[in-house]
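Student: Residue numbers (my numbering), protein chains in the order written: chain A, 1 to 114; chain B, 1001 to 1114.
1) Contact defined as beta carbons within less than 8 Å: I believe residue 4 (chain A) pairs with residue 103 (chain A). What is the distance between those atoms, to the nearest angstrom?
2) Report the neighbours of residue 1061 (chain B) on chain A: residues whose CB is nearer than 7 Å to its CB, in chain order.
3) State yes or no: is the beta carbon of residue 49 (chain A) nearer than 9 Å to at least one beta carbon in chain B?
4) Determine whether the Cβ of residue 1003 (chain B) lies closer than 9 Å to any Cβ atom of chain A.
5) In chain order, what residues of the same chain have a beta carbon less than 8 Å from the beta carbon of residue 1061 (chain B), not counting five sequence neighbours either side?
6) So, does the CB of residue 1102 (chain B) fall closer than 9 Å to a CB anywhere in chain A?
7) Between which two residues does the beta strand (DSSP E) carrying residue 1069 (chain B) extend?
8) Nearest-angstrom Cα distance between residue 106 (chain A) and residue 29 (chain A)?
9) Where residue 42 (chain A) and residue 68 (chain A) are concerned, what is the direct C-alpha to C-alpha distance, given to the nearest angstrom?
10) Residue 57 (chain A) by DSSP, collapsed to three states: which one?
11) Taking the straight line between their C-alpha atoms, what separation do you get for residue 1012 (chain B) and residue 1087 (chain B)?
12) Counting along the chain, where does the beta strand (DSSP E) carrying residue 1060 (chain B) start and finish?
13) Any beta carbon from chain A within less than 9 Å of residue 1087 (chain B)'s own beta carbon?
14) When DSSP labels each residue in this structure, what does residue 1084 (chain B) get in the three-state scheme?
15) In this structure, how does DSSP classify residue 138 (chain A) when only helix, strand and coil are distinguished?
16) For chain A, check one thing: does any of its Cβ atoms lie closer than 9 Å to the Cβ of residue 1011 (chain B)?
17) Under DSSP, the beta strand (DSSP E) around residue 88 (chain A) begins and ends at which residues?
18) So if DSSP puts residue 1038 (chain B) in a beta bridge, which residue, or which two residues, is it bridged to?
19) Quick check for students: name the residue ranges of the beta strand (DSSP E) that lie wholly in the stretch 14–53 of chain A, counting only runs of 3 or more.
20) Which value, in whole angstroms, describes the spacing of the CA atoms of residue 66 (chain A) and residue 91 (chain A)?
21) Between residue 83 (chain A) and residue 112 (chain A), how many whole angstroms is the CB-CB distance? I'm expecting something under 8 Å.
22) Report buried or exposed for residue 1090 (chain B), applying the criterion of at least 16 other Cβ atoms within 10 angstroms of its Cβ.
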């Protein structure tokens, strides 16, 4: 069965630092990739999609490595408000992950310290 | 913007009670999902539906049932609540038309079973 794996952390990072974490997936047929952010006691919300060529949104950069089957999220100049859990999400159609094939990682907990 | 609402943010029930959790979405999405989220276990799929009156078991359907009588509404039913069903319950929706689309979550219901 397909899996999406993440280091649960917590990652304790000083404010202003750069932090990166990876997510590995086991299904080589996976087609779409996303990073979600979940604040404490709130619902997950889409942070960004991950494209084959890599993509950047402000301080956030997401990259995909199909050969090694991992995606990464890089946060530059981290802010206190970046403290959250970051969920890796992989879409593998016809793999049993629900009607749309989405499978969620368990998340990486990030704590930005002042 | 997609809006997904859940009937309650917090709920306290007693063991053996029948519990209804309702989810309503306004984006005409075909797919709807119910997850539970517990510390260290991540999101676990209970049931999903890809059309009215259609339902499919997810990873942990035992002790739960669902109902989808209308496209915009997906209900999760705990036939006889037990203490191990104390959890955060999250509803999500996605479109079947755009397979690269991701899921949108409701705010969640924190259920405590005493």
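Just so you know, even glycine gets a beta-carbon here, dropped at the ideal spot from N, CA and C.
These numbers were taken from a predicted model, which means no experiment stands behind them.
Tutor: According to the structure shown:
1) 5 Å
2) Near residue 1061 (chain B) there are no residues of chain A at all, since even the closest Cβ is about 12 Å away, more than 7 Å.
3) yes
4) no
5) 1046, 1047
6) yes
7) 1064–1070
8) 21 Å
9) 32 Å
10) strand
11) 11 Å
12) Careful: residue 1060 (chain B) lies outside any beta strand (DSSP E) and carries neither H nor E.
13) no
14) helix
15) With chain A represented from 1 up to 114, any question about residue 138 (chain A) goes unanswered, as that position is not in the structure.
16) no
17) 84–91
18) B:1042
19) 19–25, 32–38, 45–50
20) 13 Å
21) 5 Å
22) buried
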